[in-house]
Each structure stands twice: as structure tokens, then as C-alpha cells.
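For the sequence shown, this note's numbering assigns the number 650 to the initial residue and increments by one for each residue that follows.
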Amino acid sequence: MSAYNMSDYENQPALGSLTLGKPTPYSDRYDAALLQGVPRALNREPLGLAPHTLGFHGADIWTLYELSWLNDKGVPQVAIGEMRLDAASRNLIESKSFKLYLNSFNQTRFAHWDQVRDVLIRDLARCAAGDVNVDLFRLGDIAGRCIADFAGECIDEQDILIDDYTFSNEWLRHAADDNAQVSETLVSHLLKSNCLITHQPDWGSVQITYRGPRINREALLRYLVSFRHHNEFHEQCVERIFTDLMHFCHPEQLSVYARYTRRGGLDINPWRSNTPFIPSAGRLARQ
């Protein structure tokens with residue numbers, strides 16, 4: 650595996666047809682056709698991942714902060730939603746299209762909350778070609794939730810010099826110490842990549858839990874910082890981190906979980922693991 654060249658798939662027809670990065674009218678009437686999927690294979694094939702031999706399981710957890718519709722009497726309803734999309738789905742959900750789709754609920758009447766949930770599950774599962782679950786929360790149900798923090802040891806305060814921000818997984822080539830077997834959780838809040846299409850910055854925190862040869866923390870931080878000019882979707886970055894760590898560091902068990910700041914009323918929180926893993930709930934300070 651070597652440094653990644655974005656041109657490997659940025660010109661794929663599946664990306665050219667997206668509304669992302671293009672002027673788009675907003676509709677406040679329900680329209681499932683607004684949803685757009687992106688084949689996961691576009692970035693998985695260059696990583697050597699096949700649909701039935703991914704080497705991980707996981708999900709993309711979305712928080713829907715701007716969700717509203719009308720009840721059957723025309724009274725606006727508001728909710729916060731949580732959507733979990735199985736990482737084994739054929740497509741990921743493109744975020745701008747998701748925002749446009751949710752906006753189409755704004756002036757649409759639904760008989761009850763369960764109907765909204767059922768419509769969301771049906772439409773998202775169809776777009777992603779995979780398993781979806783959705784929970785809707787009344788604001789009072791979550792008002793008492795505290796800001797969470799990733800468990801683990803933060804690696805961000807190292808006194809090192811960094812002057813190269815070009816993506817490279819070569820930082821990991823000699824990062825594993827085969828003479829020291831550990832089980833630990835490492836955290837960084839310095840993950841920053843850019844949208845594949847618009848190149849707008851995506852800010853995130855990442856939690857890496859593993860068992861195996863000790864990973865050099867300076868090398869790991871340099872690797873994560875090298876995403877700073879890298880253009881790729883959130884979900885793809887997490888799979889790249891997982892795949893690179895497996896390839897170069899050979900952990901027996903590995904879980905990678907990232908939580909990104911919100912954009913357009915949505916945040917995306919992908920996780921990938923080769924062992925039983927329950928992602929921590931709750932938004933982080935920047936979410």
C-alpha cells in the first residue's frame with residue numbers, strides 16, 4: 650500500500666451525477682428521489698476490500714438535528730433523529746442529498762411519529778441498499794444528555810515538529826513494535842480531511858482501540874495529521890485508517906471510531922471493527 654492518489658476515483662460517473670457542489674433548489678414537500686447514494690466500492694476496491702471479505706463490520710451513525718414535519722392537523726413537529734446504516738450496505742448516503750431529503754419533510758403531513766420513522770427507514774434502506782435503523786427523540790427526551798468525551802489516551806500533546814501535510818500511510822510502515830504486545834485505546838482530536846467533491850474541511854475526533862503490537866504514537870499522529878489535505882468522505886477516511894492500521898501494524902483486534910462535527914444539521918460518526926464493539930453514545934464537545 651502506498652500514498653493515495655485521489656484521482657483514482659474522483660472522476661467516476663457515480664460522483665459526477667451528485668447534487669453535491671452544485672446549485673440546488675430546496676423542496677419542502679416530501680420527495681424520496683432527492684436521496685443519492687455513493688457506491689462504497691469506489692474507495693474499497695483501491696483498498697483491496699471486496700464485499701464479502703471486508704475484514705470488518707460497523708455502521709455509519711448519523712445525528713439528524715434539523716428534522717421537522719407537520720402532524721395531521723398541520724402543527725409542526727420537531728425531533729432529533731439518529732440513523733444507523735450498516736457498513737455492509739452497497740452505498741453510503743451522500744450528505745447534501747440527505748439534507749435536501751430531510752428538508753422535504755418540512756411542509757409534509759404525517760399521521761404520527763412512527764410513520765415518519767418508517768418512511769425514513771424505507772427510503773434510506775432503498776437508497777443505501779442495506780440495513781438501516783432510525784430512532785426519533787423528542788427534545789425533552791435528550792435535553793439532559795451531557796457532552797461526552799472519547800475514552801482513551803489522547804496523543805495530541807506530543808512535542809514534535811510537523812511540516813508535511815501530504816497524505817501518506819508510510820508513516821505507519823515501521824510503527825508497530827512486535828516486542829511489546831498491548832491492549833489500549835488512543836484518541837486524537839486532530840483529524841481533518843476534506844470533502845471529496847467540494848473540498849470543504851471536515852473536522853473530527855478519532856478513537857482507535859486495539860490489541861497487538863504497540864503502535865508508535867508519534868508515527869500514528871503524523872499519519873492522522875497527513876489527512877489534512879486529503880479529499881475523501883468521512884466513511885471512506887475511517888475505512889482507510891482501519892485498513893492501513895491492519896496492513897502495517899497487524900493488530901489482532903482493532904476498532905476505529907470517528908465522530909465528525911456537524912454540517913447542514915447532520916453529523917456523521919462511522920465506526921469499523923473486527924471484534925465485538927459498542928460505540929459510545931453522546932456527542933463530543935465540537936458536535
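Cβ coordinates follow ideal geometry from the N, Cα and C atoms, glycine included.
Do you know offhand how far residue i's Cα is from residue j's?
i: A682; j: N880; result: 27 Å
i: C776; j: A934; result: 31 Å
i: S656; j: K722; result: Residue confidence for S656 is low, a pLDDT of 48 falling below 50, so the modelled location carries little weight; the figure read from the coordinates is stated next. So the two alpha carbons sit approximately 51 Å from each other.
i: P700; j: E694; result: 9 Å
i: P674; j: R912; result: 18 Å
i: G861; j: F705; result: 16 Å
i: I710; j: Q726; result: 23 Å
i: P850; j: H878; result: 9 Å
i: T834; j: A760; result: 45 Å
i: E819; j: Y872; result: 8 Å
i: R787; j: H848; result: 34 Å
i: L915; j: W852; result: 13 Å
i: M650; j: E806; result: Since pLDDT at M650 reaches only 44, below the 50 mark, its modelled position is unreliable, and no value is offered.
i: A907; j: S676; result: 31 Å
i: S922; j: E743; result: 22 Å
i: A652; j: N692; result: At A652, the pLDDT of 45 sits below 50, so the modelled position is not reliable and the matter cannot be decided from this model.
i: I791; j: F747; result: 23 Å
Who does residue i pair with in a DSSP beta bridge?
i: K841; result: W852
i: Q726; result: W718
i: W920; result: A708, Y906
i: M732; result: W711, V783
Would you mind reading off the limits of the alpha helix (DSSP H) that contains residue i?
i: V765; result: 762 to 777
i: V874; result: 866 to 874
i: A690; result: 690 to 693
i: N752; result: 744 to 752
i: D790; result: 788 to 791
i: Q885; result: 883 to 898
Among the options, which has the Cα closest to the Cα of residue i?
i: F926; options: G861, Q856, P862; result: Q856
i: G707; options: S842, Q885, E901; result: Q885
i: Y909; options: H883, F759, I811; result: H883
i: R822; options: G730, C898, W920; result: C898
i: F816; options: A792, C844, H896, V874; result: V874
Hey, could you find the ends of the beta strand (DSSP E) residue i is sitting in?
i: R908; result: 902 to 909
For this session: Decide yes or no for the touch test of the stretch 707 to 714 against the stretch 676 to 690: beta carbon pairs closer than 8 Å, at least 3 of them.
Result: no
Exercise. When the Cβ atoms of the stretch 731 to 749 are set against those of the stretch 762 to 779, are three or more pairs found closer than 8 Å?
Worked result: yes
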